[in-house]
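What follows is the structure in structure tokens.
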């Protein structure tokens, strides 16, 4: 379908290259964001409980809508029954149903605001130019914008810019979008990330399953610090313990 709807020169090779680009470019960035999201959820108990309630309510409503009988799993020690419940829940998740999980989307977006997968992005200057504010730039130089800093600027996000507040992505109870020139985790304009929707889909699906069935706790004394590289990874990884949720 991609080839049929694409340009005349589209081919199997171009389709292969696009798919490969999605997989390679999205693997580490998605994994890094999920790590930061789990860390933020487990260090904000109010967010963890609110997210869990949304996921549990979604599970019950979606199962009723699809006439699915959910396995009763009051005893988390019954591993087989617990796994059946996890599998059943995962089958309720698809592109359309995930759109109903607004708070989950807000949690991921707020994580990306504070911990963008690509924390800084340098661009080479091809020719002399003048920026809108009058700044002159010379060919051969470098212009860098920093999503990590931009996501924490009080000028853009208010006095609580450094705080993790998923509710900031709602207005009058409705999920809102911000300009990509303000929320720059996926860049903006003609160079905006092509894998944005795919990344959100993957992250919502994984985080929905994890936060519905598990509660996470940071291992005492484990340091969580970022390492500024091409992607914003954790310098010492993320060591945690988990508890099953019914």
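Numbering (this note's numbering), first residue to last: 3 to 248.
Backbone N, C-alpha and C define an ideal beta-carbon position, used for all residues, glycine too.
DSSP-derived helix/strand/coil call for residue 139
What you label residue 139 is simply residue 137 of the chain shown in a count that begins at 1. Reduced to three states, the DSSP call for residue 139 is strand.
Could you pull out every residue in the same chain whose Cβ sits closer than 6 Å to the Cβ of residue 187, ignoring the five residues on either side in sequence?
Taking the chain shown and counting its residues from 1, the one referred to as residue 187 is at position 185. Contacts found: 114, 118 and 149.
Please decide whether residue 35 counts as near chain C, where near means a Cβ-Cβ distance under 8 Å.
As a matter of chain content, chain C is missing from the structure shown, which is built from one protein chain.
Outcome for residue 144 when other beta-carbon atoms lying within 10 angstroms are tallied against a minimum of 16
In the chain shown, residue 144 corresponds to position 142, counting from 1. With fewer than 16 Cβ atoms within 10 Å of its Cβ, residue 144 is classed as exposed.
Give, in chain order, every unbroken run of the beta strand (DSSP E) that is at least 3 residues long and sits entirely within the stretch 124-182.
144-147
Consult DSSP for residue 117 and reduce its assignment to one of helix, strand or coil.
Within the chain shown, the letter at position 115 stands for residue 117. Residue 117: coil per DSSP, three-state reduction.
So residue 242 is in the alpha helix (DSSP H); what residue range does that whole segment cover?
As a working mapping, residue 242 is identified with position 240 in the chain shown. First-last for residue 242: 242-246, but that is the beta strand (DSSP E), not the alpha helix (DSSP H).
For residue 217 and residue 193, I'd like the C-alpha separation in whole angstroms.
The residue given as residue 217 occupies position 215 in the chain shown. The residue given as residue 193 occupies position 191 in the chain shown. Roughly 38 Å separates the two Cα atoms.
Residue 219: first and last residue of the uninterrupted beta strand (DSSP E) it sits in:
Within the chain shown, the letter at position 217 stands for residue 219. Element bounds for residue 219: 216-220.
Alpha carbons only, please: which of 198, 153, 167 and 139 is nearest the one belonging to residue 105?
Residue 105 sits at position 103 when you count from the first residue of the chain shown. Residue 105 has its Cα closest to that of 167, out of 198, 153, 167 and 139.
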